[in-house]
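S.K.:
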Amino acid sequence: MSHSECVKVVVRCRPLNQKELNDGRQRIVEMETRTGQVTLQNPKADASEPPKSFTFDAVYDWNCTQKEIYEQTAKPIVNSVMEGYNGTIFAYGQTGTGKTHTMDGGASPELQGIIPRTFQHVFETVEGSSDAQWMVRASFLEIYNEEVRDLLSKDPKNKLEVKEHKDSGVYVKGLNAFVVKGVPELNNVLEVGKKNRSVGATLMNQDSSRSHCIFCITIETIDSGAANPDGHIRVGKLNLVDLAGSERQSKTGATGDRLKEATKINLSLSALGNVISALVDGKSGHIPYRDSKLTRLLQDSLGGNTKTVMVANIGPADWNYDETLSTLRYANRAKNIQNKPRI
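Sequence positions in the sequence shown follow the numbering used here and run 15 to 357.
#1: Distance, Cα to Cα, I247 vs V186?
#2: Contact between the segment 35 to 54 and the segment 313 to 333: three or more CB pairs below 8 Å?
#3: Less than 8 Å between the C-beta atoms of G317 and L283, yes or no?
#4: With 16 other CB atoms within 10 Å as the buried threshold, where does H300 fall?
#5: Compare the beta carbon distance of V325 and R26 with 8 Å and say whether it is the shorter of the two.
#6: Tell me whether G119 is buried or exposed, calling it buried when 16 or more other Cβ atoms sit within 10 Å of its Cβ.
#7: From Y344 to V323, what does the alpha carbon distance come to, in whole angstroms?
#8: With three or more C-beta pairs closer than 8 Å as the rule, is the segment 132 to 149 touching the segment 79 to 96?
#9: Is S153 closer than 8 Å to L174 when the C-beta atoms are compared?
#10: Report back the beta-carbon spacing between N4 and T111 to the nearest angstrom; my notes put them in contact at under 8 Å.
#11: Using beta-carbon positions only, say whether P355 and T320 come within less than 8 Å of one another.
#12: Threshold first: 4 residues or longer. Then list the alpha helix (DSSP H) segments lying entirely within the segment 23 to 53, N to C.
#13: Going by C-alpha to C-alpha distance, which of N350, K349, L339 and A348 sits closest to P65?
#14: Let's test the definition: count the other Cβ atoms within 10 Å of the Cβ of N100 and tell me whether it reaches 16, buried, or not, exposed.
#15: Once you ignore the five residues that flank P29 on each side, which residues in its own chain have a CB closer than 6 Å to its CB?
#16: What three-state label does DSSP hand G119 in the structure shown?
#17: Hey, which unbroken runs of the alpha helix (DSSP H) at 4 residues or more fall wholly within the segment 65 to 126?
#18: Within 10 Å of its beta-carbon, does I228 have 16 or more other beta-carbons around it, so buried, or fewer, so exposed?
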């Protein structure tokens, strides 16, 4: 059975950081967590101009905890994947707004982000079920300068091809997938991949992510109870996506390689924007998934057979007004996409 449901969109705003406080920056974002409303004041406008307002499925201000974000936004998707649906959680926003913090988090248990909490949740469910057999596989890729790379490969700089299969959909040829037996093994896979990821310093962030990353967990289940005598296999796939920063180039001080990377990052983010617009518009029969590697790999997550949540990350300071407005508009469009998840 399949039914339409919209892509769920939540917005998270980080606190002013030390540099912004030292520079005397003003906070121009207000979050009404009860109603899911974000208001943004233009610092250059005169006082009579009303602030811009947006409403989302949920909003999280600078006081929210990593646990709240996980429990309310990610956990329902992970539960669906365990039941055999496909799920995608992706973090969007300019560099330095906390995308990687939201997805990875810190070392201490209360600072852990969506990815490590997902690992624990998956294996708690696996270990707590007596009448099913489980197999969990993990793969980790990045899209850097429009090239797909396997972060778990012995040679992570190798380019891989994106292919399409008429039954199973879009896949990456030659991508390694490792069977994992527990949280430590899954963490190990993540750490190996992270060491191979392309990061580089820009004016906005010392180790700014210069690539889009997709960590994929595939969960196969055979229920061995009386209700399933044939041993029917259910397969759920979870994509955890950390997108590269969406800021303007003049802000990053990017030159040379950094600028080339940024151009490719913006190319795939604008392709993602075009796909979102085409899906929401409903008039266009053609959805331009093939315009970038990112949109091809996320084809099923946007307008396809997947439950999807987008976490848009924004900064609160006046000097980021343009980027914050652009992120809110992007996120606002995305929440109108209809997906049709089915097992």
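Quick reminder that beta carbons are idealized off the backbone N, C-alpha and C, glycines included.
M.R.: On the basis of the coordinates in this document:
#1: 23 Å
#2: yes
#3: 8 Å or more divides the Cβ of G317 from the Cβ of L283.
#4: exposed
#5: yes
#6: Counting the other CB atoms within 10 Å of its CB gives G119 a total of 16 or more, which places it among the buried residues.
#7: 14 Å
#8: yes
#9: no
#10: Past the boundaries of the shown model lies residue 4; the chain is included only from 15 to 357, so the question cannot be answered.
#11: yes
#12: 32 to 36
#13: Nearest option by C-alpha distance: L339.
#14: buried
#15: W76
#16: strand
#17: Assignment of alpha helix (DSSP H) within the segment 65 to 126, counting only whole runs of 4 or more residues, yields 80 to 83, 89 to 96 and 113 to 117 in chain order.
#18: Buried.
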